[in-house]
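All remarks here apply to the structure that follows.
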Amino acid sequence: NVENLFEQFEDNEQNDKIVNLKNSLQFFNAVTRYAKHLEKNGLIFKNIYFKSKEKPFFDKEKIKEIYYGFNENYHLRNRIEATKEALINSLNRRIEPETKKPWVDKTIESLDQEQLNKLYDRPDQEFESSAKEEHFLARKIVINQLKQVSRKIRQNRFLNIRAQYLRFLRAVPKIIDLSKWDITQEEWDAHIENVKERFKAGKIKMADISPYLYLYDLVTGRRTDYEMRYAFIDEIQDYTPFQLAYLKYNFPRAKFTMLGDLNQAIFTKDESKTLLSQISKLFDPEKTDVVQLTKSYRSTKEITNFTKQILRQGEKIEAFDRRGPKPAFYKRDSIEKEYSALQDILVENDEQKLTTAIITKTLAEAQEVAKVLKERNIKATLIGSANQRLVPGTLVMPSYLAKGLEFDAVVAWGVSEENYHQLDETQLLYTIASRAMYKLDLIYTGEKSPLFDNLDEKTYVNK
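Laid out in structure tokens, this is it:
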């Protein structure tokens, strides 16, 4: 099970320094180097079983011997193909001895006439003797049953990729200087244990998915797609350099067009600022064009001029000349009064026939707002997952599900210092505010978020 959007956004336990390392090009290069070393030794194999869990049908040590038995001009892809071929040949040689095993006789005895008839090549098939008939049936049954072993071989089930990934993580300190990422050996060791525990529970984090798949591709020699001519990627700001390198590896002949707004990086946060320089290392600079589009056509001039001040380098954004009301702050001294303000805003928006999204920071907050509105008999739909359909009327949603959407009116809920105080939440606050096309209202109790400290007082009103 892969970590979903909710888990990714609301995981407070993850170590950001380790996530940043795993998302980097340096980590991509580390996987590439590590896989190269596996041509000589270090690949981990699994037993292949058939009929018995006690005794392997193909022993992992034997498979290892085959794999590393080929001369050194065999690279990973050739080795895996040659190993599979050797195992299939060995499997074919074992059909005859297997027909003499007791389980085969038992199987024949347990079959009814209809099942037996299906084993013959034709209904009127004749045999020289009953011994030959029995041998024919035994071979048919063994070949049928051994298909599962053949399938395991073809699907690379003799490789232990989870253990291999963990071994790669243990090798990382030899390939990458962790101190340059401000990561201690203790932190790294604890992190490996965490990945291991998640594997045991059948779970994997988003930051591990691409390295895990890339390692699997390199080890198994999965072929890249030379047919793909163009790759278009939207919302580029929430891709990591590793993911982009992995896509480029998968489509080596494709031309890439990547679109996005680095100011709206909700998941990669400040790391998105280096994305352009990291991407440039993947492509030939002479064949790369960077086009900056600075004019915003989504929101009114008032909203664009307000939202761009939240950013540290927002001055490049130009508003286009569509007018509307100034964004409004609602400071209230109790949660009760916050809800009353929200109710007034929704009535006003309904009168103006505006679709409204109430955008909270977390899913828990969105659930709470939706619950209170229901108690007050105000119709609103909670959007709690990425694949939920947007319906007409007032919506309540957490910030990370609002990315890429736009609404007539937005109510930014709980924009207090308590809720938004980290510098790397700047993009998040900007994303929420910039979803509004015509009207933006911001509600909070206590102190306003310090991320609004640079606002020009002429660009908003207090209500």
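Its first residue numbered 79, the sequence shown is counted upward by one per residue in the numbering used here. Note that beta-carbon positions come from the ideal geometry of N, C-alpha and C, so glycine has one too.
Proximal residues to residue i (C-beta, below 6 angstroms), its chain only, five neighbours per side dropped
i	result
Thr-298	Ile-158, Asn-234
Gly-338	Glu-313, Ile-314, Gln-315
His-269	Ile-96
Gln-191	none
Thr-185	Ile-219
Three-way DSSP call (helix, strand, coil) for residue i in this model
i	result
Leu-420	helix
Ser-494	strand
Arg-235	coil
Arg-200	coil
Ser-130	strand
Asp-367	coil
Thr-298	helix
Tyr-146	coil
Phe-123	strand
Glu-525	coil
Beta carbon of residue i nearer than 9 angstroms to that of residue j
i	j	result
Gln-342	Glu-313	yes
Thr-378	Tyr-516	yes
Leu-533	Gln-391	no
Trp-491	Lys-409	no
Glu-176	Leu-224	yes
Lys-274	Glu-81	no
Ser-477	Ile-510	yes
Lys-541	Ala-419	yes
Leu-103	Pro-319	yes
Ile-461	Ala-444	yes
Lys-142	Leu-121	yes
Residue i, buried or exposed, once every other Cβ within 10 Å from all chains shown has been counted against 16
i	result
Val-474	buried
Ser-527	buried
Tyr-375	exposed
Ile-423	buried
Lys-481	buried
Ile-413	exposed
Asp-303	exposed
Asn-156	exposed
Leu-322	buried
Asp-411	exposed
Glu-88	exposed
Asn-161	Correcting the residue type first, residue 161 is Thr in the shown sequence and not Asn. Flag for Thr-161 reads buried.
Arg-513	buried
Ala-209	exposed
Trp-266	buried
Asn-465	exposed
Gln-430	exposed
Phe-236	buried
Neighbourhood of residue i by C-beta, 7 angstroms cutoff - its chain only, sequence neighbours within 5 removed
i	result
Asp-137	Asn-125
Tyr-294	Ile-239
Neighbourhood of residue i by C-beta distance below 8 angstroms, restricted to the same chain and skipping five residues each side
i	result
Arg-401	Thr-378, Lys-379, Glu-380
(message) Below 8 angstroms, how does it come out for the stretch 440-460 and the stretch 501-521: are there three or more Cβ pairs, yes or no?
(response) no
(message) With three or more beta-carbon pairs closer than 8 angstroms as the criterion, would you say the stretch 299-315 touches the stretch 327-336?
(response) yes
(message) Quick check: the stretch 251-266 against the stretch 93-111, are at least 3 beta-carbon pairs closer than 8 angstroms?
(response) Short answer: they touch.
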